[in-house]
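Structure first, then comments.
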Ligand SMILES: [Zn+2]
Ligand SMILES: [Zn+2]
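Residue numbers (the numbering used here): 1371 to 1673.
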């Protein structure tokens, strides 16, 4: 019995079928080759950039930081809270601006992001979960699923987003990412590396930590919840504002607020509140039972 459990945990066999995380890490599944080449390019360019330009200079640094912060807001507010979970309704122009920020940050098209994310919630901690570390391990959840798991079906997981204003971003994604990667050349080579690949690498890994690090809790039986609140991730996570309160989020996925106590900083929520006050966001859904989260962020299930 224990042997079977260990075998399943290590991902050598689930249901006797070949699992995607058993493939060599360097082999993308058909259709995801471009994602793999993008990841390789960003890592290689960032390494070259750091070798030649250890210090970015203030204008370049502030530009890169500003783009990363805006990208973080785009992903957590527009993609995650508004489009995937419908926990807030944004003014259409604000929504489009935030989608542009997210795409520029390398988060992919809104419909694909939402399809993958809804699948993650629906199948959390099962072999069908697109990004769980439970079977594939940390690196599977962190990066490998991006190019070794077929994208979730958009027609199945987000038919509600089959609208022109979202579909258009699927076509604009490649030129937007190209501009994001190369646009820093306007600041010279230092700008090319820091505003391009180094910024995108930072954004990539701190967003991917939501899939990997915040899902390393003890999940219990299959279908159990492995999500975690990781408080120390918050200050470093400029590209995923408030996403470090991931256990709160899985407990009440319909809430636009992820940080449930004054000590749980949630910049994404503060911006949503500001937008609500300004009349640029409405139908904001709040957590029903924030008092049930302890200071350590452990979700307490009532008896
Ligand atoms: Zn999750
Ligand atoms: Zn979610």
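For each residue, glycine too, the CB sits at the ideal point set by N, CA and C.
Other residues of its chain near residue i: CB distance less than 8 Å, five sequence neighbours each side excluded
| i | result |
| --- | --- |
| residue 1684 | The requested residue 1684 is not part of the displayed model; the chain covers only 1371 to 1673. |
| residue 1509 | 1395 and 1582 |
Whole-angstrom distance between residue j and residue i, CA atom to CA atom
| i | j | result |
| --- | --- | --- |
| residue 1658 | residue 1547 | 38 Å |
| residue 1665 | residue 1633 | In this prediction, residue 1665 scores a pLDDT of 39, lower than 50, which makes its location untrustworthy; the coordinate-derived value is nonetheless stated afterwards. Each residue's alpha carbon lies about 8 Å from the other. |
| residue 1451 | residue 1545 | 26 Å |
| residue 1639 | residue 1453 | 15 Å |
| residue 1381 | residue 1506 | Residue placement at residue 1381 is poorly supported in this model, since its pLDDT is 41, which falls under 50; the coordinates still yield a value, given next. Each residue's Cα considered, the two are about 6 Å apart. |
| residue 1465 | residue 1448 | 6 Å |
| residue 1588 | residue 1600 | 14 Å |
Chain-order list of residues whose beta-carbon lies under 6 Å from that of residue i (same chain, five-residue window excluded)
| i | result |
| --- | --- |
| residue 1620 | 1595 and 1597 |
| residue 1673 | Its pLDDT being 24, under 50, residue 1673 is placed unreliably by the model, and nothing is read from it. |
| residue 1390 | 1518 and 1519 |
| residue 1402 | 1517 |
| residue 1352 | Outside the modelled stretch of the chain, which goes from 1371 to 1673, sits residue 1352, for which no answer is possible. |
| residue 1433 | 1565 |
Neighbourhood of residue i by C-beta distance below 7 Å, restricted to the same chain and skipping five residues each side
| i | result |
| --- | --- |
| residue 1482 | 1521 and 1524 |
| residue 1419 | 1563, 1564, 1567 and 1568 |
| residue 1539 | 1469, 1473, 1479 and 1480 |
| residue 1578 | 1512 and 1513 |
Cβ-Cβ separation, residue j to residue i (assumed contact under 8 Å), whole Å
| i | j | result |
| --- | --- | --- |
| residue 1636 | residue 1458 | In fact, because the Cβ distance is near 13 Å, the residues do not count as touching under 8 Å. |
| residue 1624 | residue 1643 | That belief does not hold up - the Cβ atoms of residue 1624 and residue 1643 are roughly 17 Å apart, past 8 Å. |
| residue 1435 | residue 1513 | In fact, because the Cβ distance is near 23 Å, the residues do not count as touching under 8 Å. |
| residue 1430 | residue 1604 | Actually they are not in contact, since the Cβ atoms of residue 1430 and residue 1604 sit about 25 Å apart, beyond 8 Å. |
Closer than 9 Å to chain C by CB, residue i
| i | result |
| --- | --- |
| residue 1599 | Of the chains in the structure shown, none is chain C; there is only one protein chain. |
Worksheet item: Which runs of the beta strand (DSSP E) fall wholly inside the stretch 1600-1664 and span at least 3 residues, in chain order?
Response: none
Fill in: Inside the stretch 1450-1536 only - alpha helix (DSSP H) runs reaching at least 4 residues
1462-1474, 1480-1492, 1503-1506, 1515-1518 and 1524-1527
Discussion item. Check whether the stretch 1461-1471 and the stretch 1425-1444 are in contact - that is, three or more C-beta pairs closer than 8 Å.
Written reply: yes
Worksheet item: Is the stretch 1523-1538 touching the stretch 1478-1497, taking contact as three or more C-beta pairs under 8 Å?
Response: yes
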